[in-house]
Each structure stands twice: as structure tokens, then as C-alpha cells.
Amino acid sequence: MNVMIVFQSIEGQTAKIARAVGAQATEAGHGVRVVNLAGSDEPPPIDEADAVILAASVHERRHPEVFEIYITAHRKELEARKTLLLSVSLKAAFPEGEEEAGDYLTELKMRTLFEPSAEALVAGAVRSGAYDYFQSEVLRHVVLREHAYDPNEGPHEFTDWDSLDRLVGDFLSPAVEAKAG
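Each residue of the sequence shown is one higher than the last, beginning at 110 in my numbering.
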């Protein structure tokens with residue numbers, strides 16, 4: 110199966126996730142093409158892909174605009190294929206944040222009119238050195254409030270790599286039927 114992984118990362122965790130997913134698909138014997146929307150003037154056509162994995166991070170309650178535009182522009186082509194949409198956010202790292210993380214994904218689907226074959230909320234990471242004072246305070250007092258992690262202690266990944274591996278493995282399994290478009 111030819112798998113296209115299309116992602117947009119802001120701080121780097123989604124890029125790391127996309128590379129890990131690409132490596133997993135390659136190890137499983139699939140042809141893989143990884144496309145970073147942030148570094149691509151014109152993404153390659155989807156027509157050679159049998160399956161597409163879309164991944165983007167959430168910042169300020171939204172996925173990147175370029176990512177949403179890509180999905181909207183290619184919605185029909187995407188819906189004709191097996192698709193997995195990964196929404197990466199810190200809210201997904203904590204049980205009490207999962208509903209809000211799910212809302213981000215629902216809003217993306219409403220704005221793009223896209224319904225993937227499969228979807229998942231994926232916990233992101235904290236990149237402490239990448240934030241200004243205001244961002245650090247929002248992170249500490251809003252996003253990570255009531256959690257034992259202090260963002261000043263350094264970078265920290267909340268991504269559950271084992272769960273992500275199982276999810277992607279199941280998605281790439283021949284037993285999973287492609288969605289009819």
C-alpha cells in the first residue's frame with residue numbers, strides 16, 4: 110500500500126510523530142511519502158496514495174490554517190481513500206482535557222467538511238525553551254494547571270508512543286477496510 114503522510118508542526122512534536130509514523134509504515138513494507146505542509150510550496154498529488162495520514166498540532170484552540178486549507182482543497186480525494194486524522198494537543202494528554210481536545214477535532218471537521226475514516230487525539234509535548242514569558246504563563250496556569258509538571262523544568266513529551274504505534278498499525282492493517290467515498 111502507498112501511504113502519504115501530510116503534516117504541519119509548529120513546535121516540532123507533530124513532525125516527530127509524522128516521522129515515527131512514516132518509519133512504522135516503511136517497516137511494515139508500505140511505500141511512504143512524508144509531506145510537511147509548512148515546507149512545501151505545492152504538496153504532491155494524492156492520486157498515488159492508497160491511504161493518507163493527516164497530522165497537525167493545535168495551538169490557540171485551532172489546527173494551522175494551511176492544514177485546514179489543504180484538507181478543504183483535497184477533501185474529495187481524501188474521502189475516496191482510507192484516511193487517519195491525528196490531532197496533536199496538550200489537552201489530549203490529560204483525561205479532563207480530552208473533551209476539549211475532541212472539540213478541536215470536531216471544529217476542524219466542521220470547517221473543512223471532511224470526515225476521515227479514522228481519527229485520534231494524540232498528546233503533544235512541551236518545548237520549554239520555545240516560549241516567551243506570556244506563553245509560559247498560559248502554559249503553566251491554563252494548560253498545565255493542576256498537573257505536577259513545571260514547564261520551566263525543560264522539554265517533556267506527553268505522547269503515548271505505544272498507543273500511537275498500535276493505532277497506526279491497526280490503520281495500516283489490510284483487515285481495516287477503506288472508506289467508500
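By construction, the Cβ of each residue, glycine as well, lies at the ideal position given by its N, Cα and C atoms.
Neighbour-count burial assignment, residue i, 16 or more Cβ in a 10 Å radius
i: proline 225; result: buried
i: leucine 222; result: exposed
i: isoleucine 178; result: exposed
i: lysine 191; result: buried
i: alanine 132; result: exposed
i: glycine 148; result: exposed
i: arginine 275; result: exposed
i: alanine 232; result: buried
i: serine 282; result: exposed
i: alanine 289; result: Confidence is the limiting factor: at alanine 289 the pLDDT is only 39, short of 50, which leaves the residue's position unreliable, though a coordinate-based value still follows. Exposed is the call here.
i: glutamate 286; result: Below a pLDDT of 50, predicted positions are generally treated as unreliable, and glutamate 286, at 46, falls in that range; no measurement from the model is reported.
i: glycine 185; result: Looking at the sequence provided, one finds lysine at residue 185 rather than glycine. Result: exposed.
i: methionine 219; result: exposed
i: phenylalanine 280; result: buried
i: threonine 90; result: The structure shown does not extend to residue 90, since the chain is modelled only from 110 to 290, so the question has no answer here.
Anticipated Cβ contact below 8 Å, residue i with residue j, distance rounded
i: asparagine 111; j: glycine 140; result: 4 Å
i: leucine 146; j: valine 115; result: 6 Å
i: alanine 234; j: glutamate 266; result: 4 Å
i: glutamine 117; j: phenylalanine 203; result: No, glutamine 117 and phenylalanine 203 are not in contact; Cβ-Cβ is about 23 Å, not under 8 Å.
i: leucine 217; j: histidine 172; result: 5 Å
i: proline 153; j: valine 143; result: Not really, about 11 Å apart at Cβ, beyond 8 Å.
Reduced DSSP secondary structure (H/G/I, E/B, other) of residue i
i: isoleucine 162; result: strand
i: glutamine 117; result: strand
i: glutamate 216; result: helix
i: leucine 230; result: strand
i: lysine 288; result: Residue confidence for lysine 288 is low, a pLDDT of 44 falling below 50, so the modelled location carries little weight and cannot support an answer.
i: arginine 236; result: coil
**Message:** With three or more beta-carbon pairs closer than 8 Å as the criterion, would you say the region 192-210 touches the region 149-169?
**Reply:** yes
**Prompt:** Which residue spans inside the region 134-212 form an unbroken alpha helix (DSSP H) run of at least 4?
**Reply:** 174-182, 184-188
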